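The structure appears right after this line, and notes come after that.
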Amino acid sequence: MAAIYLIRHGQASFGKANYDQLSERGWQQGRVLGRWLAGKASPQAVVGGSLQRHRETAEAIASGFGRDLPDMRVMAGLDEFDHTAVIERYRPQWADRARMARDLQAFPKPAKAFQDAFVAAVARWASGDHDSDYRETWPEFKARVLTAFEELVAFADGSDVLVTTSGGPISVMVQHLLGLDDARTLGLNEVIANTSVTRVLYSGGRRSLAVFNNYSHLEAEDPALVSFR
């Protein structure tokens, strides 16, 4: 069976003016993953979402891979949901980034405080009780991702492919493969590490989850490289 390697992007630049760019740690995570993949995979294609962090993750992987990888094909259906809008619908005052930074600094652990707020914001979005507040609802997001997944399988056409995307789309694909409910799916999204690998085997109409959220390449290189946001 052929394999689709679903890779969550490297660490983005939380708290910076441009969140979408990789942090230095994110670039390093991608290079480490590239070195790890070099002995384990021979991808015939590279696909990614349209976000900067997806493209830069593919570039970092190629740098570590050590030999030529195909140019990345962009598939916008693999993009993450609009996390900024989801947060701002939950806490409208956080549209002011300076206000959000001040609020978070009041907590002993600002990163954990943000994560807790983010989990609550995503739960609000996925509940279906406030769909009119969002440009893309949770059901619409899932439908978009699963359409992209089938397009991805058709494009791969029986070959191995690397895919740089985000935690949300990976969670939705795993939900589809395992028949999970929404609560478990949202729980998965909270634990997917940066540059972790989720491997899907496919042949014809068959799709099987072989590996979920493997980040042993980071742990082997330097445990300090492991990050979830």
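Sequential numbering of the sequence shown, starting at 1, is according to our numbering.
All C-beta atoms, glycine included, are put in the ideal place defined by N, C-alpha and C.
Here the structure is a predicted model, which means the values were calculated and not measured.
If you draw a straight line from the C-alpha of residue i to the C-alpha of residue j, how long is it?
| i | j | result |
| --- | --- | --- |
| Met75 | Asp222 | 32 Å |
| Lys16 | Trp27 | 16 Å |
| Ser166 | Gly39 | 24 Å |
| Ala126 | Leu6 | 23 Å |
| Ser159 | Ser216 | 24 Å |
| Arg207 | Asn18 | 36 Å |
| Phe14 | Gln115 | 12 Å |
| Val252 | Glu219 | A query on residue 252 cannot be resolved here, the shown segment of the chain reaching from 1 to 229 and no further. |
| Arg102 | Pro110 | 10 Å |
By Cβ distance below 8 Å, which residues in the same chain neighbour residue i in space, the five residues on each side in sequence not counted?
| i | result |
| --- | --- |
| Glu88 | Trp94 and Ala95 |
What does a CB cutoff of less than 7 Å around residue i pick up in its chain, not counting 5 residues either side in sequence?
| i | result |
| --- | --- |
| Leu209 | Val174, Leu177, Leu178 and Val200 |
| Glu190 | Val119 |
| Trp36 | His217 |
Exposed or buried, what is residue i when buried is set at 16 or more other beta-carbons lying within 10 Å of its beta-carbon?
| i | result |
| --- | --- |
| His130 | exposed |
| Asn194 | buried |
Name the DSSP bridge partner or partners of residue i?
| i | result |
| --- | --- |
| Leu33 | Answer is none; Leu33 lacks a bridge partner. |
| Ala2 | Tyr202 |
| Arg8 | Thr165 |
| Val211 | Arg199 |
Spatial neighbours of residue i within its chain, please: C-beta separation below 6 Å, excluding the five flanking residues on both sides.
| i | result |
| --- | --- |
| Met1 | Leu201 and Ser203 |
| Pro169 | Leu78 and Val145 |
| Val46 | Ala58, Leu69, Pro70, Met72 and Leu162 |
| Ile61 | Gly30, Leu33 and Gly34 |
| Ala113 | Leu104 and Phe107 |
Practice problem: Entirely within the stretch 25 to 73 and at least 3 residues each: give me those beta strand (DSSP E) ranges in chain order. | Solution: 45 to 48
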